[in-house]
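Participant:
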Amino acid sequence: MEIKKLKNFLDEYLKIAEIEDVSVNGLQVEGKKNVNKICFAVDACAETFKLAKKENADMLFVHHGMIWGGIKKVTGINYLRLKFLIENKISLYASHLPLDKHEEVGNNIQFLKIFGINEAIEDFGTYHGIKIGYAGRFEKEKNLSDFVSEIEKQLNTKCKILKFGKEKIKSVGVVSGGAASLIDEAIENVDCFVTGEPSHQVYHIAKEGKINVIFAGHYATETVGVKAMAEFIGKKFGIETKFIDVPTGL
Ligand SMILES: [Zn+2]
9 MEIKKLKNFL DEYLKIAEIE DVSVNGLQVE GKKNVNKICF AVDACAETFK
59 LAKKENADML FVHHGMIWGG IKKVTGINYL RLKFLIENKI SLYASHLPLD
109 KHEEVGNNIQ FLKIFGINEA IEDFGTYHGI KIGYAGRFEK EKNLSDFVSE
159 IEKQLNTKCK ILKFGKEKIK SVGVVSGGAA SLIDEAIENV DCFVTGEPSH
209 QVYHIAKEGK INVIFAGHYA TETVGVKAMA EFIGKKFGIE TKFIDVPTGL
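Residue numbers (our numbering): 9 to 258.
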């Protein structure tokens, strides 16, 4: 498949132009003209790049790209990363907030789908003026501890929990990655708030707001959309796709 066609499809499907972001979303590095294999990963980093090369990938699709706010310097780590991609003719496509927010393959909607939270789905989690997460309800109340065990098993992660709400939960709001600052909106709307990275700052707010907060890992919460995207693109275009797992444990 021609890279131009693929890029245009991805830009449109992920609504790249509609979402304001510090990440420069879209094609960040241009490699070969034709794409026969795409690797998918959470982070653009030397380890992921090497694994993509080993897989003979023509393109790497990531959630956290290389260019944030614009190119400042092509030196040091940045130089080495770019050099590797250019020398190996591997394209780099990044989709940060657009992949969090996406209504089909996004990190947040996928999280709800995986854990069977499929009632009363609505937009949730205002970031940069737009809702990038989703909230929904379990069909039947669920024990917080069971939910945590399921998350740890499914996402291969270790959760940190602020258990200040009810043990039996019904509504869940999720914003992947580092979104602890959305705690106030969560207190207003849901029994349980799930995000990736823990934040000391929200401890007492959660306590006084009587809400459960699950920090399920920045990396882990952002694998679900990337994996869904790999499956979707593979099926849609008949291109070989592969998810590259480089966990940070954070
Ligand atoms: Zn992130």
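Ideal placement from N, C-alpha and C gives every residue a C-beta, glycine not left out.
All values derive from a computational prediction rather than experimental measurement.
Restricting to Cα atoms, I'd like to know which of P255, A60, L100, N220 is closest to F172.
Facilitator: Comparing Cα-Cα distances from F172 to each of P255, A60, L100, N220, the minimum goes to N220.
Participant: State the DSSP-derived secondary structure class of G217, mapped to helix, strand or coil.
Facilitator: Helix at G217.
Participant: The beta strand (DSSP E) that contains N151, what's its start and end?
Facilitator: Residues 138-151.
Participant: If you drop the 5 nearest sequence neighbours on each side, which residues of the same chain put their C-beta closer than 8 Å to that of V198?
Facilitator: These residues qualify, in order along the chain: F132, A143, S179, V180, G181, I219.
Participant: Please work out which residues of its chain come closer than 6 Å, Cβ to Cβ, to L190, disregarding the five sequence neighbours upstream and downstream, and give them in chain order.
Facilitator: Within the same chain, L190 has close Cβ partners G133, V183.
Participant: Quick one, which of K176, K168, I222, C167 has its alpha-carbon nearest A194's?
Facilitator: Nearest C-alpha to A194: I222.
Participant: Can you find the residues in the same chain that come closer than 7 Å, C-beta to C-beta, to K147, ignoring five residues on each side of it along the sequence?
Facilitator: Reading off the sequence, residue 147 comes out as Glu, not Lys. Same-chain partners within the cutoff: E127.
Participant: If you count every other CB in all the chains shown that lies within 10 Å of the CB of D303, and 16 or more means buried, which is it?
Facilitator: This structure does not reach residue 303, given that the chain is present from 9 up to 258, and the question cannot be answered.
Participant: Would you call the region 90-106 in contact with the region 52-72, where contact means no fewer than 3 C-beta pairs closer than 8 Å?
Facilitator: Yes: at least three Cβ pairs fall under 8 Å.
Participant: Compute the Euclidean distance between the alpha carbons of L244 and I46, then round it to the nearest angstrom.
Facilitator: The residue you asked about is not Leu; residue 244 is Lys in the sequence shown. Going by the C-alpha atoms only, they are around 13 Å apart.
Participant: Within 7 Å: the Cβ of G73 and any heavy atom of ligand 1?
Facilitator: For ligand 1, not one heavy atom lies less than 7 Å from the Cβ of G73.
Participant: When DSSP labels each residue in this structure, what does S103 get in the three-state scheme?
Facilitator: Residue state, collapsed to three classes: coil.
Participant: State the start and end residues of the unbroken alpha helix (DSSP H) segment that holds K15.
Facilitator: Unbroken alpha helix (DSSP H) run through K15: 11-21.
Participant: In whole angstroms, give me the CA-to-CA distance for V82 and T56.
Facilitator: Near 19 Å, if we compare the C-alpha coordinates of T56 and V82.
Participant: Helix, strand or coil, according to DSSP, for K5 in the structure here?
Facilitator: This structure cannot settle anything about residue 5, because the visible part of the chain is limited to 9 through 258.
Participant: Using CA atoms only, rank isn't needed, just tell me which of V43, E38, S31, A25 is closest to I247.
Facilitator: It is V43.
Participant: Put V232 into one of helix, strand or coil per three-state DSSP.
Facilitator: In the structure shown, V232 sits in a helix (DSSP, three-state: H, G or I).
Participant: Does the distance between the C-beta of H8 and the nearest non-hydrogen atom of ligand 1 fall short of 7 Å?
Facilitator: Residue coverage of the chain in this structure runs from 9 to 258, which leaves residue 8 outside it and unanswerable.
Participant: Among H212, N96, I129, which residue has its Cα nearest to the Cα of C141?
Facilitator: The residue you asked about is not Cys; residue 141 is Gly in the sequence shown. With distances taken between Cα atoms, G141 lies closest to I129.
Participant: Taking DSSP's pairing of strands, which residues face E127 in a bridge?
Facilitator: Note: E127 sits in a beta bridge opposite R145.
Participant: What runs of the beta strand (DSSP E), each 3 residues or longer, lie entirely inside the region 23-56?
Facilitator: Entirely contained in the region 23-56, the beta strand (DSSP E) runs reaching 3 residues are, in chain order, 34-37, 45-51.
Participant: Say the cut is 7 Å; is the CB of G84 nearer than that to a heavy atom of ligand 1?
Facilitator: It does not: the Cβ of G84 is nowhere closer than 7 Å to a heavy atom of ligand 1.
Participant: Check whether the Cβ atoms of P2 and K168 lie closer than 8 Å to each other.
Facilitator: Since the first and last residues shown for the chain are 9 and 258, residue 2 lies out of range.
Participant: Exposed or buried, which one is D154 when buried takes at least 16 other CB atoms within 10 Å?
Facilitator: Exposed, by the Cβ-count rule.
Participant: Is G185 near ligand 1, going by C-beta to nearest heavy atom under 7 Å?
Facilitator: G185: yes, Cβ under 7 Å from ligand 1.
Participant: When you compare the CB positions of G34 and I27, do they come within less than 8 Å of one another, or not?
Facilitator: Contact: no.
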